[in-house]
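Input: a single structure, listed below in structure tokens.
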């Protein structure tokens, strides 16, 4: 940090007070406006692919809006699919194959909350079906997949947003406002870190390789290399990060939350140099992903 640009305590407090006043007044003014009930033709008909924890969390936020109706839900695990369909039984139809759901003309947009190895194919299929889409991070596992999805979104003129829930939170926006207002002066170096505290057992061990009834394990593995069923691998978005072929490891899964902040606040765009090191040295679980990873990025400024 440059000491030349460091603000005085008084300047810091004055700027912080101004930012706080703006942030507090905006939402209150917006809430004061009376809500207009949408007509049938004004509603957004939504589909969801992947009814696990992340998908349901995104769905909860969507259906809080009175103009959103859940029309279709898709999952290859009945234990995940059935509760969602039951909750929205008045409007929602169940699907086992996402391709069938995307063919429905009454669906306007989709949430993609599946494991990362499925994101690219499902998102491109949604774009080709002219559905706007909200896809959970990581957008894809490989650069080539990201470029293919970008091209599909542009070609079919749909809206695509990648979900990083902390990016939309109040606390992150506050930090960005502070940095962009110059309250910390000129920033030359940023260090971010994330510690999972998994040593030594990681996500755990499970000798059972028989998929539970109601889970289509072949379709769960999908475009990635098929492996024997593992309860921890299939359990949740948190656990996928321990398997490389299905998540790319923890860096694509958790690091975006932390790395997002300086990239956003400092408008860093793309690095000009990068260095990476790491490996799997400590954890003894059923996974195969690295248990430590350090990346150095150098930017033009």
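Numbering (my numbering), first residue to last: 953 to 1253. Beta carbons: idealized from backbone N, C-alpha and C, even for Gly. Keep in mind the model is a prediction, meaning the values are calculated, not measured.
Query	Result
Touching or not, the stretch 1175-1194 and the stretch 1038-1049, by the rule of three or more beta carbon pairs under 8 Å?	no
To which residues of the same chain is residue 1060 closer than 8 Å at the C-beta, ignoring the five residues directly before and after it?	996, 997, 998, 1083 and 1084
Return the bridge partner residues of residue 1244 from the DSSP annotation.	1231
Determine whether the Cβ of residue 1167 lies closer than 7 Å to any Cβ atom of chain B.	As a matter of chain content, chain B is missing from the structure shown, which is built from one protein chain.
Going by Cα to Cα distance, which pick from 1244, 1252 and 1201 is closest to residue 1224?	1252
Run the CB neighbour count on residue 1143, radius 10 Å, all protein chains shown included, and call it buried at 16 or more, exposed below.	exposed
Whose C-beta lies closer than 7 Å to the C-beta of residue 1177 among residues of the same chain, with five residues either side of it excluded?	1197
Helix, strand or coil: which one does DSSP assign to residue 1225?	strand
If I follow the unbroken beta strand (DSSP E) through residue 1088, where does it start and stop?	1084-1088
Over what stretch of residues does the alpha helix (DSSP H) that includes residue 1047 continue unbroken?	Unbroken run through residue 1047 is the beta strand (DSSP E), 1045-1047; no alpha helix (DSSP H).
State the Cα-Cα distance for the pair residue 1159 and residue 1070, rounded to the nearest angstrom.	25 Å
Please specify which runs of the alpha helix (DSSP H), each continuous and at least 4 residues long, are wholly inside the stretch 1086-1146, giving them in chain order.	1095-1108 and 1122-1132
Within 10 angstroms of its Cβ, does residue 1254 collect 16 or more other Cβ (buried), or is it exposed?	Absent from the model: residue 1254. The displayed extent of the chain is 953 to 1253, so no value can be given.
Where does the unbroken alpha helix (DSSP H) through residue 1210 begin, and where does it stop?	1207-1217
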